[in-house]
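Chains as they are written, first to last, in the numbering used here: chain A, 64 to 397; chain B, 11 to 264. Here the structure is laid out as structure tokens; the discussion comes afterwards.
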């Protein structure tokens with residue numbers, strides 16, 4: 064049996080949306096052959112039952128009490144067991160922290176190449192033929208999505224992760240419930256040397272950047288840490304989160320947790336307000352998921368205007384308080 | 011303690027990505043270069059550990075001869091010595107990169123003793139392959155923890171913290187170990203002028219490993235679609251505020 068194998072991530076039985084997106088590419092790569100899934104951790108059987116709608120024929124549920132806490136090498140061992148048993152043409156995961164980490168472990172153990180954050184397949188050939196012909200042609204993310212790379216991936220099985228939000232999760236027509244096959248992976252001592260030993264909850268105050276409907280963000284043009292006060296006031300009116308660019312965190316004006324960008328948080332609000340942000344690719348990689356971008360900038364030639372939907376040109380220290388005042392006025396007249 | 015940090019020289023991209031005519035690389039004639047951000051934080055983290063516990067920080071890079079500039083930067087930040095693996099003009103794939111780094115580590119450990127901690131960035135800013143540190147760890151038979159936002163070393167163990175939904179996951183691993191870190195784990199220092207002058211005197215060893223044929227082979231680079239929007243100008247100065255609020259109302263965010 065060939066086909067493909069996907070690591071399906073879930074949280075206590077609830078499937079991760081990014082894994083369902085990865086399944087869209089997995090089905091394309093399978094080209095009609097079997098799609099298998101691996102589920103690890105508590106709730107695996109519940110999650111497995113839901114995968115049929117997405118074209119999974121067999122869901123393999125790794126069951127071992129030592130898998131209760133995440134251990135990357137142990138998850139990799141589960142995939143290796145299935146690779147040996149099923150002989151898939153390709154092994155996939157979502158391009159999440161864990162997906163990329165576990166596939167890197169598999170790649171290291173098998174000494175095979177691994178392509179991270181693939182957005183689409185090229186060349187039209189399904190996995191089996193392409194692997195047999197010496198490689199899969201694909202497109203993958205570089206520079207946090209500011210640039211793409213067409214590449215050829217060798218190796219059998221082909222190892223690849225699927226970039227988040229590159230593809231929609233789509234249900235497969237006519238698919239029935241998958242067969243659910245529990246198995247005990249052959250875990251060894253070294254597989255459990257690196258394992259989550261403790262989870263520390265952090266209390267977050269205010270609105271989370273990643274989930275905010277509106278983000279008011281500041282860059283170099285804000286001028287100082289104190290300069291963010293007017294952005295905070297606008298954010299309060301809009302129930303928005305406050306973000307910033309990398310220049311701001313490097314200068315120590317705001318904590319790194321506020322950074323929007325390739326090396327910070329990736330946001331997807333309805334409206335992203337970029338105040339005094341020039342629009343370096345590193346920043347745009349973090350905010351291009353916004354439905355609309357409003358740029359407030361003194362420079363009408365700033366690169367951010369090529370990524371923005373709306374712009375106001377001028378001094379942000381005058382414009383931002385004017386918008387806040389206008390919002391207050393609108394509220395009091397309601 | 012002996013610490014090693016692996017870094018990569020990458021272009022400072024600014025506002026627009028421009029490709030070379032052959033679509034094989036970014037046009038960098040008008041760009042500066044820097045250390046890939048996660049790795050710069052890796053250098054800072056290693057230097058802090060050495061300052062706290064005593065020890066020596068070695069920085070290794072695989073890059074063009076000009077990557078000496080980035081190694082000197084790390085020496086100014088407090089690293090003690092550099093290893094520059096000269097790569098030539100063609101790009102190395104993750105397996106080739108890992109193999110070259112591994113050979114250099116084995117040679118250095120044979121001469122100077124094992125590294126207690128080897129630090130990588132979680133992924134490089136440009137190629138973003140998410141795997142070199144893991145490959146090196148496996149080849150050395152050492153534990154590896156990736157994506158760290160917190161790291162401390164005590165009693166021969168590393169306490170490693172990842173940011174996850176709702177909090178932090180903590181791992182405890184015995185040294186020697188391999189870790190990869192993320193920007194935000196610290197705020198890297200700006201080297202002083204005297205530190206930069208001292209960095210000129212610090213040693214950098216060079217060698218030129220041979221590039222194996224890539225198994226993840228770049229064919230060409232492509233700019234993603236959807237770039238080059240034309241923003242609708244709502245106005246100039248504070249007089250534009252009513253127009254902005256009107257747009258907010260249309261978007262349903264007021």
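We put the beta carbon where it would ideally sit given N, CA and C, even for glycine.
Taking 9 Å as the threshold (C-beta atoms), are residue j and residue i in contact?
| i | j | result |
| --- | --- | --- |
| residue 322 of chain A | residue 135 of chain B | no |
| residue 72 of chain B | residue 219 of chain B | yes |
| residue 256 of chain A | residue 183 of chain B | yes |
| residue 36 of chain B | residue 231 of chain B | yes |
| residue 173 of chain A | residue 222 of chain A | yes |
| residue 70 of chain A | residue 137 of chain A | no |
| residue 91 of chain B | residue 215 of chain B | yes |
Could you have a look at residue i and say whether DSSP puts it in helix, strand or coil?
| i | result |
| --- | --- |
| residue 248 of chain A | coil |
| residue 291 of chain A | helix |
| residue 200 of chain B | coil |
| residue 40 of chain B | coil |
| residue 360 of chain A | strand |
| residue 368 of chain A | helix |
| residue 179 of chain B | strand |
| residue 34 of chain B | coil |
| residue 148 of chain B | helix |
| residue 221 of chain B | coil |
| residue 132 of chain A | coil |
| residue 403 of chain A | No answer is possible for residue 403 of chain A: the residues shown for chain A start at 64 and end at 397. |
| residue 322 of chain A | strand |
| residue 249 of chain B | helix |
| residue 194 of chain A | helix |
| residue 200 of chain A | strand |
What does the Cβ neighbour count give for residue i, buried or exposed, with the cut at 16 atoms within 10 Å?
| i | result |
| --- | --- |
| residue 308 of chain A | buried |
| residue 175 of chain B | exposed |
| residue 325 of chain A | buried |
| residue 112 of chain A | exposed |
| residue 169 of chain A | buried |
| residue 387 of chain A | buried |
| residue 165 of chain B | exposed |
| residue 171 of chain B | buried |
| residue 22 of chain B | exposed |
| residue 211 of chain B | exposed |
| residue 262 of chain B | exposed |
| residue 269 of chain A | exposed |
| residue 242 of chain A | exposed |
| residue 43 of chain A | Look at the range of chain A in this structure, 64 to 397, and you will see that residue 43 of chain A is not part of it. |
| residue 62 of chain B | exposed |
| residue 176 of chain A | buried |
Between residue i and chain B, is the shortest Cβ-Cβ distance under 9 Å, so that the two count as touching?
| i | result |
| --- | --- |
| residue 384 of chain A | yes |
| residue 73 of chain A | no |
| residue 204 of chain A | yes |
| residue 329 of chain A | no |
| residue 381 of chain A | yes |
| residue 370 of chain A | yes |
| residue 99 of chain A | no |
Spell out whether any CB of chain A is found under 9 Å from the CB atom of residue i.
| i | result |
| --- | --- |
| residue 25 of chain B | yes |
| residue 130 of chain B | no |
| residue 45 of chain B | no |
| residue 15 of chain B | no |
| residue 239 of chain B | yes |
| residue 185 of chain B | no |
May I ask you to list the residues that DSSP assigns as paired with residue i?
| i | result |
| --- | --- |
| residue 217 of chain A | Answer by DSSP bridge pairing: none, since residue 217 of chain A is not bridged. |
| residue 210 of chain A | A:205 |
| residue 74 of chain A | A:77 |
| residue 50 of chain B | According to DSSP, which records beta bridges pairwise, residue 50 of chain B is partnered with nothing at all. |
| residue 228 of chain B | A:214 |
| residue 264 of chain A | B:177 |
| residue 280 of chain A | A:306 and A:337 |
| residue 189 of chain B | B:129 and B:155 |
| residue 242 of chain A | A:121 |
| residue 224 of chain A | A:156 |
| residue 162 of chain B | B:169 |
| residue 21 of chain B | B:43 |
| residue 355 of chain A | A:334 |
| residue 163 of chain A | Residue 163 of chain A is not bridged to any residue. |
| residue 313 of chain B | A question about residue 313 of chain B goes unanswered here, because the residues of chain B that appear run from 11 up to 264. |
| residue 99 of chain A | A:68 and A:121 |
| residue 243 of chain B | A:374 |
| residue 12 of chain B | B:66 |
| residue 91 of chain A | Note: residue 91 of chain A sits in no beta bridge, so no partner. |
| residue 184 of chain B | B:167 |
With hydrogens ignored, establish whether the beta-carbon of residue i is closer than 8 Å to any heavy atom of the ligand FMN.
| i | result |
| --- | --- |
| residue 131 of chain A | With respect to the ligand FMN, the structure shown offers nothing to examine, as it has no ligands at all. |
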